[in-house]
Each structure stands twice: as structure tokens, then as C-alpha cells.
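Residue numbers (mature numbering (1 follows the signal peptide of the UniProt record, and there is no 0)): -29 to -1, 1 to 151. Idealized CB from N, CA, C, for every residue including glycine. This report refers to the structure that appears directly beneath it.
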């Protein structure tokens, strides 16, 4: 004879599910709740609390946000340079070839064409050996540094891509072509 196990009663199963749900909600509430007092060892807050004193001074000092300006300047990462193709043998660094010229005294001439209402201003920050240090400002943004770049290397500048064609340290000038 085969013996069958008694099937749980629907009322018992519903009661177990309800008890489990209440237990889970209780655990969640315990984990999400907190006290208004800081944990031991934490410094007191410098923010002002709500006051019942009718607008009287509470002598709480709040740090100024500088009118929306950051207190410390965050350095910008330089724009990456794509190396020249494998097997590329660069000519002498000062070829005096390139459609655009940038010197220590003036930004790129002629200027890069405007794209989607934006302009890019390329300036020369310095030359070390056969590598140029450029900066780029897109629109009204602050100039951003570019990694040191040499002849044959390309630089992606938002909507423009340029390739360096000449780096003349003795003349403080760099020439490049717009390739995209």
C-alpha cells in the first residue's frame, strides 16, 4: 500500500507566507532605519539643522561653495595622441610643411573650420626636442593640454583630427594638416 503525505492546508501555507513577508519587511526596516546621532568617532556635521527659534542665529558655520565655483582646480587629462603608423620613418622634424601653422605667439593659422557651430583653437605651449606640446580649446571652454606629439602622429580633437607635419623647435612653430 502506498502512503501519501498529507497536503498542506491552504490556510497554513498562507499563514507561513504572511509570517515570512512580515519578517522580511521587519529586516528591511531595521536595516534602513537610523538614528539622528552620529556614530561614535565621527566628527560633528557642519551643516545647519532646522531651527524652532524663529529665525535667530544658531552660530553654525557652513563652508561656502564659492558661488558655484569649485574650491580646488582639478587638472584636466591631456588629449591622447595616436602614434604614427607602424613602419613610419619620420623626416627631419622641421619640414616647414603643413596646411596650418601655430607658433608660440599665435594660434593656428588658418583657423580650423567651424563644425556644428563649434570652433577649435590650437595653441603651442612649448617644444621639447622633436615633440610639440599643444593646447586645444573647443568653443568657449578652457584650453586643454595635448600629450606631447611628433611628426606623423595624429590627435583627435572632438570633431577634428589633425596630423603633425612639422615641429621646429628653433623657430617655435608647429605645422599640421587637418585630416578629418
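Kindly indicate which three-state DSSP category residue 22 falls into: helix, strand or coil?
Interpretation of residue 22 is limited by its pLDDT of 48, a score under 50 that renders its predicted location unreliable; no figure is taken from the coordinates.
Closest by CA to residue 53, which one among 142, 134, 84, 100?
134
Cβ-based burial, residue 142 [other Cβ within 10 Å; buried from 16]
exposed
Please name the residue or residues paired with residue 163 in a DSSP beta bridge.
Outside the modelled stretch of the chain, which goes from -29 to 151, sits residue 163, for which no answer is possible.
Apart from the five residues on each side of it in sequence, which residues of its chain come closer than 6 Å, Cβ to Cβ, to residue 129?
109
Terminal residues of the beta strand (DSSP E) in which residue 122 lies:
Note, residue 122: premise wrong, no beta strand (DSSP E); not H, not E.
Other residues of its chain near residue 136: CB distance less than 7 Å, five sequence neighbours each side excluded
66, 68, 69, 122, 146, 147, 148
Which residue wins for smallest C-alpha separation from residue 61, given the options 83, 150, 120, 144?
120
In whole angstroms, what separates the C-alpha of residue 57 from that of residue 78?
30 Å
Just to check my reading of the structure: residue 96 and residue 105 have Cβ atoms closer than 8 Å, yes? What is that Cβ distance to the nearest angstrom?
6 Å
How big is the Cα-Cα spacing for residue 51 and residue 93?
15 Å
Alpha-carbon to alpha-carbon, residue 111 and residue 88:
12 Å
Do residue 116 and residue 49 have their C-beta atoms closer together than 9 Å?
yes
Could you check if residue 150 is buried or exposed, using at least 16 other CB atoms within 10 Å of its CB as the buried criterion?
exposed
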